[in-house]
Each structure stands twice: as structure tokens, then as C-alpha cells.
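Residue numbers (my numbering): 17 to 238.
Taking it in order: structure first as C-alpha cells, then the write-up.
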Amino acid sequence: YAILDRQLNAAHDPAAARDARLEGFELRDRVLGASAMRGVVQLDARRLQDAQRQQIELLKRQGEIDALRLERSHLMRWVILLFAVSLALALILTILRIRRSERVNRLLNHAVNTDALTGAASRRHGLQTLRDALAHADDGSDYGILLIDVDNFKQVNDRHGHLMGDRVLAEIASCMRSGLRVGDALARFGGEEFLVLLPRTPLATAAELAESLRQRAEHHVH
């Protein structure tokens, strides 16, 4: 699954890579859970065998029914104790597995929904947010959408290299993000293109905000 994950990432298929990682995690959880339960069962069996041998030896030494009943009482207490311990271990393993799965899901969702370079939402997450907003746009309110392209960005890459170009994109994204309102969303749409989603925003306000973002980027010193 790790090899498949790398191959899918190299093939630019993050959704399939994410599925491969999830399947790998689930398989690992099943293997670890089965191994732990086998260990508990083996421990239980060894304890029972030891107790049975002690019971037989006590019967041979004492030959008394009362001693046999007493040993059986002790044995039952051990069995109950081991059973309770086994249940506790199984419960702890289940809780740990659930928490680990939740943590992995949060990390995967963040990786899928966030552009690693700029910290903005990914194209997929941005378009999904837009689709969800349009699907529920039944209250008659306006919805502003800005599609932003960085001018002359190719010159930055040609003159200073792609690493510097990446830094410029990250700075522009941070600059624009600081100029958005609460509830607005910034997503990386393409190489040097960004998508800004403005819920409940009329056209005039969207145009003013677009100009404000443009001026921020223009006056930002890289």
C-alpha cells in the first residue's frame, strides 16, 4: 500500500492515493488487533493450564473434597479476573484504534482539502464548497466569486527560479487571506490562479473587495 500510495501520488491522483493509505491503515489495524487478541487468548489458556495442574497436584497431595472445592473457587476467581482483564484490554484496543482512525482521517482530510504550498484550500475543496453553496442557494441572497490570476508570474520563475516563485505564491496567498472577511474562502485554483468565494456578497461589494485584494498584492513587498 505504501508503494501504491507513492505511485498514485506520482501519477497525480491524490484521491486514489488517499484510499490506498486508508486501506493500508485499516489492514494494519486489523492485523494488530488480531495479534493482540491472540496474545490475550494464549495468556488466558496458559493461566488456565497452570491452574489445572495446581488443582491436580493438590488433589493428589490432600485427597480431600473440601480442598478441591476451595481450589475450584480460586480457579473461578482467576478465570473471572482474566476474563475481566481480557475485556478491558479489548476495550482499550478498540478505543485506541478509533482515536487513531479519527486522527488519521483528520490528517488526510486536511491534506486533501489544503494546498500544501500556499495554505489555501485545494482546488477540489474550493469547487466542492462552491457546489454546496449553489445547491443550497434558495434564500435569494447574492454569492460573489472572484477568479484571480497573478500577472507576469512566468517572469518570476524565469528570472529567479521556481523556488522563489513558490515563495511569491505563498506570500500572495497570505496577503489575500489577511484581506478577506470572516466566512470568505480562498482556494488555489491553478498554478498562479486563486478562487475566492464570498457568501452573501452583492456584485458591487465583490468588486470593491477584488480591487482591495489587487491593491494589497500590488503594494506587497516580496
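Note that the Cβ used here is the ideal one computed from N, Cα and C, for glycine as well.
Every value quoted in this text rests on a predicted model; they were computed, and no experiment measured them.
Q. How should D131 be labelled, buried or exposed, when 16 other C-beta atoms within 10 angstroms of its C-beta is the threshold for buried?
A. On the sequence shown, residue 131 is found 115 positions in, with the first residue counted as 1. The residue in question, D131, is buried, as its Cβ has 16 or more Cβ neighbours within 10 Å.
(Q) Measuring straight from C-alpha to C-alpha, what distance separates R77 and A83? (A) Walking along the sequence shown from the start, residue 77 turns up at place 61. Walking along the sequence shown from the start, residue 83 turns up at place 67. The alpha-carbon atoms of R77 and A83 are separated by roughly 10 Å.
Q | Residues sharing a beta bridge with E209, DSSP | A | Numbered from 1 along the sequence shown, position 193 holds the residue referred to as residue 209. DSSP lists D165 as partners of E209.
Q | Burial state of S138, where buried means 16 or more other Cβ atoms lie within 10 Å | A | Here the question's residue 138 lines up with position 122 in the sequence shown. Flag for S138 reads buried.
Q) Within this structure, are the beta carbons of L163 and L211 separated by less than 7 Å? A) Translated into positions along the sequence shown, residue 163 becomes position 147. Translated into positions along the sequence shown, residue 211 becomes position 195. Yes, they are a contact pair.
(Q) With H, G and I counted as helix, E and B as strand and the rest as coil, what does DSSP make of L103? (A) Looking up residue 103 in the sequence shown gives position 87. Three-state DSSP puts L103 in a helix.
Q | Of the residues G177, D158, L225 and H28, the one placed nearest R193, counting alpha carbons only | A | Here the question's residue 193 lines up with position 177 in the sequence shown. Answer by Cα proximity: L225.
Q.
Looking at the secondary structure, which residues open and close the beta strand (DSSP E) in which R204 lies?
A. Locating residue 204 in the sequence shown gives position 188, counting from the first residue. A201 to R204 is the extent of the beta strand (DSSP E) around R204.
(Q) Please return the same chain residues whose Cβ sits closer than 8 Å to the Cβ of Q70, not counting the five positions on each side in sequence. (A) As a working note, residue 70 is residue 54 in the sequence shown. Only E87 meet the Cβ criterion.
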